[in-house]
Amino acid sequence: MPELPEVEVVRAGLSPAVSGAVITAVEVFDERSLKRHSPLEGAFDALLEGRTILGAGRRGKFLWFPLGDSAGPAGAQALVTHLGMSGQVLLRTPGVEEDGLLRIRLHIEHPVQGEFWVNFVDQRIFGSMAVDRLVPTADGQPGGYFGEVLASGASAASDDSAASAALVPSQVAHIARDPLDPAFDEALFFAALGRKRTGIKRALLDQTLISGIGNIYADEALWAARLHYEHPADRLTRPRMRELLAEVRLVLGKALAEGGTSFDAQYVNVNGASGCFSHSLNAYGQQGKPCPRCGTPLVREAFMNRSSHLCPRCQRRPRAPRATPAPAPPAT
DNA sequence: TAACTAACCTGGGGGC
DNA sequence: TGCCCCCAGGTTAGTT
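To convert, note that position 189 of the first sequence is 189 in our numbering; the numbers rise steadily by one, no gaps.
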């Protein structure tokens with residue numbers, strides 16, 4: 001299940017390969033993988049063919065590739081990709097091998113690396129590709145994370161400032177910045193969290209509050225911060241919020257360093273290799289095993305049509321808020 | 001307006 | 001061996 005670290009691994013793998021390359025042809029094998037593409041923008045393949053890819057950006061779990069040339073009256077555009085639960089973006093040598101469940105193929109011509117394919121493979125079709133217009137960001141900061149290469153101005157596509165400009169695809173604009181984004185505003189996040197009258201895990205999964213966190217890393221961060229998933233977000237003190245955010249960053253950063261989490265073939269990098277973070281999980285999928293901290297068997301509980309993994313001793317269920325005393329009855 | 005729920009989707013695994 | 005059912009979960013439209 002691709003979350004922020006997995007998507008970032010894909011972005012980092014794609015960026016040097018596609019930046020400065022031209023899309024020469026597009027093949028769509030399953031129209032359902034275009035569910036986020038609006039026909040009002042134009043035909044998906046026609047919008048892409050002949051366009052140059054300027055770079056590879058990411059906000060949370062959304063990836064996008066700003067496009068150069070012939071933007072037309074609609075202004076700057078980008079190819080937006082979301083991996084959903086089972087999406088993969090694979091770099092392939094033409095004709096060498098076929099990927100099962102292939103939904104979309106981009107034929108790419110790079111001035112240095114020559115011709116190759118970008119295959120979008122998706123088993124459950126929760127993922128998608130779309131061409132979307134770029135709109136200005138609300139805070140005037142770059143739309144997302146474009147990596148160290150482009151940020152330092154050394155990318156092959158860095159001549160075109162459209163790649164890293166303060167623009168974001170319109171369908172990504174409502175998504176909050178992720179905690180690894182240099183422009184992530186901690187004060188804004190803490191204030192928004194303090195207004196949420198809901199459980200802390202539901203808040204962490206709310207991509208309009210903080211993006212990039214899914215079920216796996218929410219469970220891991222809550223275990224690390226010793227917080228029960230139902231702990232009311234608005235009852236967290238600032239120090240506890242800071243502690244939780246630090247654990248979120250630690251978990252995401254560690255997973256990123258290990259190439260992401262893979263349980264099966266559902267998540268792979270652009271070369272088809274799996275990540276190693278599943279060996280480092282403390283809570284997610286560890287039900288029945290002893291808590292690495294206190295030895296109490298970890299449990300799995302139903303939560304939001306999915307599951308939550310926690311230590312029943314380290315992560316105590318919050319007590320119900322004390323009832324407000326009823327006003328005294330008027331004296332008679 | 002905020003919080004919450006259900007639907008989308010399909011390969012794999014378990015039970016019979 | 002084959003069939004059926006359940007499970008996984010990110011996003012979003014619809015409901016409360």
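By construction, the Cβ of each residue, glycine as well, lies at the ideal position given by its N, Cα and C atoms.
Under 8 Å by Cβ, that's how I've got residue i and residue j pegged, so tell me the actual separation to the nearest angstrom.
i: Arg59; j: Gly144; result: 4 Å
i: Pro179; j: Arg249; result: 5 Å
i: Gly55; j: Leu134; result: So it is not a contact: roughly 12 Å between Cβ atoms.
i: Arg195; j: Asp234; result: 7 Å
i: Gly288; j: Gly275; result: About 24 Å; that fails the 8 Å criterion.
i: Gln141; j: Ala176; result: No, Gln141 and Ala176 are not in contact; Cβ-Cβ is about 13 Å, not under 8 Å.
i: Val10; j: Asn269; result: 6 Å
i: Val26; j: Leu106; result: 6 Å
Should residue i and residue j be called a contact, given that it needs their Cβ atoms to be closer than 9 Å?
i: Ala17; j: Phe116; result: yes
i: Leu244; j: Leu256; result: no
i: Leu167; j: Leu4; result: no
i: Phe62; j: Val7; result: yes
i: Ile104; j: Thr24; result: no
i: Val80; j: Asn119; result: no
i: Pro169; j: Ala78; result: yes
i: Ala221; j: Glu247; result: yes
i: Ala302; j: Trp223; result: no
i: Leu209; j: Ala192; result: yes
i: Ile53; j: Leu67; result: yes
i: Arg317; j: Cys291; result: no
i: Ser128; j: His82; result: yes
i: Gly87; j: Asp122; result: yes
i: Leu91; j: Gly13; result: yes
i: Phe44; j: Ala165; result: no
Residue i: buried (16+ other C-beta within 10 angstroms of its C-beta) or exposed?
i: Asn271; result: exposed
i: Asn305; result: exposed
i: Phe277; result: buried
i: Ala157; result: Unreliable placement is indicated for Ala157, whose pLDDT of 40 sits below 50; the coordinate value is still reported in the next sentence. Answer is buried; the Cβ neighbour count reaches 16.
i: Ser19; result: buried
i: Phe29; result: exposed
i: Asp333; result: Given that the chain is displayed from residue 1 to residue 332, the structure contains no residue 333 and the question cannot be resolved.
i: Thr237; result: exposed
i: Gly95; result: exposed
i: Asp69; result: exposed
i: Ile213; result: buried
i: Gly114; result: exposed
i: Val112; result: exposed
i: Ser280; result: exposed
i: Gly100; result: exposed
i: Ala21; result: buried
i: Ser152; result: Because the pLDDT of Ser152 is 34, which lies under 50, any placement of that residue in the model is unreliable, and the number read from its coordinates should be weighed accordingly. The residue in question, Ser152, is exposed, as its Cβ has fewer than 16 Cβ neighbours within 10 Å.
i: Ser15; result: buried
i: Pro136; result: exposed
Count the CB pairs spanning the region 200-208 and the region 227-243 that are closer than 8 Å, and state whether there are at least three.
Because the criterion of three Cβ pairs below 8 Å is met, the region 200-208 and the region 227-243 touch.
Determine, using beta-carbon pairs with one atom in the region 291-306 and one in the region 28-45, whether at least three such pairs fall under 8 Å.
They do not touch, by the three-pair rule.
Could you tell me which whole alpha helix (DSSP H) segments of length 4 or greater appear in the region 86-162?
Segments of the alpha helix (DSSP H) lying fully in the region 86-162: 147-151.
What ranges does the beta strand (DSSP E) occupy inside the region 6-77, keeping only unbroken runs of at least 3 residues that lie completely in it?
DSSP runs (the beta strand (DSSP E)) wholly in the region 6-77: 22-28, 57-59 and 62-67.
In chain order, which alpha helix (DSSP H) runs of at least 4 residues are fully inside the region 214-281?
Complete alpha helix (DSSP H) runs here, min 4: 215-224 and 238-257.
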